[in-house]
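First to last, the protein sequences are chains S and D.
Here the UniProt record's numbering is used: the first residue of the first sequence is 1, the next is one more, and so on.
Here the UniProt record's numbering is used: the first residue of the second sequence is 1, the next is one more, and so on.
Ideal placement from N, C-alpha and C gives every residue a C-beta, glycine not left out.
Written out below as structure tokens is the structure these notes cover.
There are 2 protein chains.
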Amino acid sequence: MPRSGAAARDRLERAALELYRERGYDQTTIAEIAARAGVTQRTFFRHFGDKREVLFHIELRQQRALAAALADVPAAAPPLTAVLLAFRSMAPGMEINRALAEARHHVIAATPALRERELAKAAALSIVVADALRGRGLPPWRATLLAEVSTAALGHAVHTWVADASADLDALIVRAFTELRAFADVTVPSA
Amino acid sequence: MPRSGAAARDRLERAALELYRERGYDQTTIAEIAARAGVTQRTFFRHFGDKREVLFHIELRQQRALAAALADVPAAAPPLTAVLLAFRSMAPGMEINRALAEARHHVIAATPALRERELAKAAALSIVVADALRGRGLPPWRATLLAEVSTAALGHAVHTWVADASADLDALIVRAFTELRAFADVTVPSA
DNA sequence: TGCGTAGTGTCAGTCTATGACACTATCGTA
DNA sequence: TACGATAGTGTCATAGACTGACACTACGCA
Numbered sequence: 001m002p003r004s005g006a007a008a009r010d011r012l013e014r015a016a017l018e019l020y021r022e023r024g025y026d027q028t029t030i031a032e033i034a035a036r037a038g039v040t041q042r043t044f045f046r047h048f049g050d051k052r053e054v055l056f057h058i059e060l061r062q063q064r065a066l067a068a069a070l071a072d073v074p075a076a077a078p079p080l081t082a083v084l085l086a087f088r089s090m091a092p093g094m095e096i097n098r099a100l101a102e103a104r105h106h107v108i109a110a111t112p113a114l115r116e117r118e119l120a121k122a123a124a125l126s127i128v129v130a131d132a133l134r135g136r137g138l139p140p141w142r143a144t145l146l147a148e149v150s151t152a153a154l155g156h157a158v159h160t161w162v163a164d165a166s167a168d169l170d171a172l173i174v175r176a177f178t179e180l181r182a183f184a185d186v187t188v189p190s191a
Numbered sequence: 001m002p003r004s005g006a007a008a009r010d011r012l013e014r015a016a017l018e019l020y021r022e023r024g025y026d027q028t029t030i031a032e033i034a035a036r037a038g039v040t041q042r043t044f045f046r047h048f049g050d051k052r053e054v055l056f057h058i059e060l061r062q063q064r065a066l067a068a069a070l071a072d073v074p075a076a077a078p079p080l081t082a083v084l085l086a087f088r089s090m091a092p093g094m095e096i097n098r099a100l101a102e103a104r105h106h107v108i109a110a111t112p113a114l115r116e117r118e119l120a121k122a123a124a125l126s127i128v129v130a131d132a133l134r135g136r137g138l139p140p141w142r143a144t145l146l147a148e149v150s151t152a153a154l155g156h157a158v159h160t161w162v163a164d165a166s167a168d169l170d171a172l173i174v175r176a177f178t179e180l181r182a183f184a185d186v187t188v189p190s191a
């Protein structure tokens, strides 16, 4: 393997985040990001699919971490408990990167196009969870449903956490799952 | 009020859906859509914010319908039961437009950019639900959580419905909410 | 030393999206 | 009936996101 390219990619990620924060996403051009990273526009698009993706490359790491965490939960644990445990196991790692998470959050919250991409990444995470749930024996429909709902709960916890400097992510995740018990009280026909 | 513009907007929506299906989203240009609708490119962008939005204009109608349905549920109904009732009340209207829904679904499912926008629309729907839940006395954090989770469940039901010609949307919505009771069995610390 | 490969630069081009300005159709009113 | 206000449209010009093609270069390995 020759020249790695990882260094350039890192510089691009850093430069993009800086510029998005300094002058806003819409007021930043790819040319400016590339220039700050010391490469050309064309190289930017070789590393990232589009202007948004540069902010979400780290999600790949989280996706893999989640898949690993899910695989690590003992098979004896009930499906949703396994999901909760896997989610909780990711909290410490995120707490460490809180500063970066906050910086990204500011930009994303201010930019509709980025919020959209964030939802897409959450959906990708949900697929990882669904795979794991199917692997634990849940029928596909149920697995997908519970994966999407669990991921939505996780997303809400993360959003609260990143917006509140004094919040504890792990506690929020637990709280979210706990409050979902409210569904047990819903009145449904013949049930 | 002068010239209404609604006619041109309708033609644009129709033309876009046709072309997206005929040759795919990426292979379709705004110029082609506009030409088929008998207007110029510039007029397209006056009616729709971007190339994706033209497929999601109808969601506005559904958003309003959902808000109305939520307001119509008696105040006596518990919050999540109210959400379920409101969701179910939308099923008949969607069943009527099944053909259109299927056509849109094919295009959306085949196009990542459109799936992304679909998620954004679901998030918008979730905000409507959250508003209603807060209006019913739920604390904000809980309202947002349950709104996002409920909307995720609705989305899963709708996706299943649109992909299976023999499916009954109302039954799927009920089923989704029923299966969410599984969260009651999750093991959480000190609870 | 030379070969293969991954990464990069350069160039040209297409398409999305927006701003500015002029024109036109329709409605309400004098 | 004439007229002004307003919403919709066309035209023109332009920025900026993205892509394909081709040449070049740095690094790892035989």
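When burial is assigned at 16 or more other CB atoms within 10 Å of the CB, is residue i buried or exposed?
i                       : result
threonine 29 (chain S)  : exposed
isoleucine 96 (chain S) : exposed
threonine 151 (chain D) : buried
glutamate 22 (chain S)  : exposed
alanine 122 (chain D)   : buried
serine 126 (chain D)    : buried
arginine 88 (chain S)   : buried
glycine 49 (chain S)    : exposed
arginine 104 (chain S)  : buried
leucine 169 (chain S)   : buried
threonine 144 (chain S) : buried
leucine 19 (chain S)    : buried
arginine 64 (chain D)   : exposed
proline 79 (chain S)    : buried
arginine 117 (chain D)  : buried
Going along chain D in order, which residues have a C-beta closer than 8 Å to the C-beta of residue i?
i                       : result
glutamate 148 (chain S) : Ala152, Ala153, Gly155 and His156
Hey, does residue i have any beta-carbon neighbour from chain S nearer than 7 Å?
i                     : result
leucine 55 (chain D)  : no
alanine 191 (chain D) : At alanine 191 (chain D), the pLDDT of 48 sits below 50, so the modelled position is not reliable; the number obtained from the coordinates is stated separately. Taking Cβ atoms only, chain S reaches closer than 7 Å to alanine 191 (chain D), which makes this a yes.
alanine 6 (chain D)   : no
For a contact defined as C-beta to C-beta under 7 Å, what are the partners of residue i on chain S?
i                        : result
tryptophan 161 (chain D) : Within chain S, no residue comes near tryptophan 161 (chain D); the closest Cβ sits about 12 Å away, beyond 7 Å.
leucine 145 (chain D)    : Ala153, His156, Ala176 and Glu179
Counting only C-beta atoms, is residue i closer than 7 Å to chain D at any point?
i                      : result
valine 188 (chain S)   : yes
arginine 142 (chain S) : yes
glycine 135 (chain S)  : no
Given that residue i touches chain D, what residues does it touch there, using C-beta distances under 7 Å?
i                     : result
residue 197 (chain S) : No answer is possible for residue 197 (chain S): it lies beyond the span of chain S, which begins at 1 and ends at 191.
Assuming the contact rule is C-beta atoms closer than 8 Å, residue i and residue j should be a hit. Round their C-beta distance to whole Å, please.
i                       : j                        : result
leucine 180 (chain S)   : valine 149 (chain D)     : 6 Å
isoleucine 33 (chain D) : leucine 12 (chain D)     : 6 Å
arginine 134 (chain D)  : alanine 82 (chain D)     : That belief does not hold up - the Cβ atoms of arginine 134 (chain D) and alanine 82 (chain D) are roughly 12 Å apart, past 8 Å.
valine 162 (chain S)    : alanine 101 (chain S)    : 5 Å
alanine 15 (chain D)    : arginine 36 (chain D)    : 4 Å
histidine 156 (chain S) : alanine 182 (chain S)    : Actually they do not touch by this definition, with Cβ atoms about 14 Å apart.
threonine 160 (chain D) : alanine 167 (chain D)    : 6 Å
valine 54 (chain D)     : alanine 8 (chain D)      : Incorrect: roughly 12 Å between the Cβ atoms, too far for contact.
arginine 130 (chain D)  : alanine 147 (chain D)    : The sequence given here has alanine at residue 130 (chain D), not arginine. Alanine 130 (chain D) to alanine 147 (chain D), Cβ: 4 Å. Contact.
alanine 91 (chain S)    : isoleucine 173 (chain S) : 6 Å
leucine 119 (chain S)   : leucine 60 (chain D)     : Not quite, the Cβ-Cβ distance comes to about 19 Å (not below 8 Å), so this is no contact.
At a cut-off of 6 Å, would you count residue i as near the ligand MN, judging by its Cβ distance to the nearest heavy atom?
i                    : result
leucine 70 (chain D) : Absent from the structure shown: the ligand MN. Ligands present: none.
Practice prompt. Below 7 Å between beta carbons is the criterion; list the residues of the segment 172-186 of chain D that meet it against any residue of chain S, in chain order.
Written response: Hits within the stretch, in order: Val174, Ala176, Phe177, Thr178, Glu179, Leu180, Arg181, Ala182, Phe183, Ala184, Asp185 and Val186.
Worksheet item: Listed from N- to C-terminal order along the chain, which residues in the segment 56-88 of chain S have their beta-carbon within a distance smaller than 7 Å of any beta-carbon of chain D?
Response: Within the segment 56-88 of chain S, Pro78, Leu80, Thr81 and Leu84 place their CB atoms closer than 7 Å to a CB of chain D, listed in sequence order.
Worksheet entry | Members of the segment 89-114 of chain D that neighbour chain S once the beta carbon cut-off is set at 7 Å | Listed by position along the chain: nothing, the set is empty.
Worksheet item: Which of the residues in the segment 8-36 of chain D, read from start to end, lie with their CB under 7 Å from any CB of chain S?
Response: Within the segment 8-36 of chain D, not one residue has a Cβ closer than 7 Å to any Cβ of chain S.
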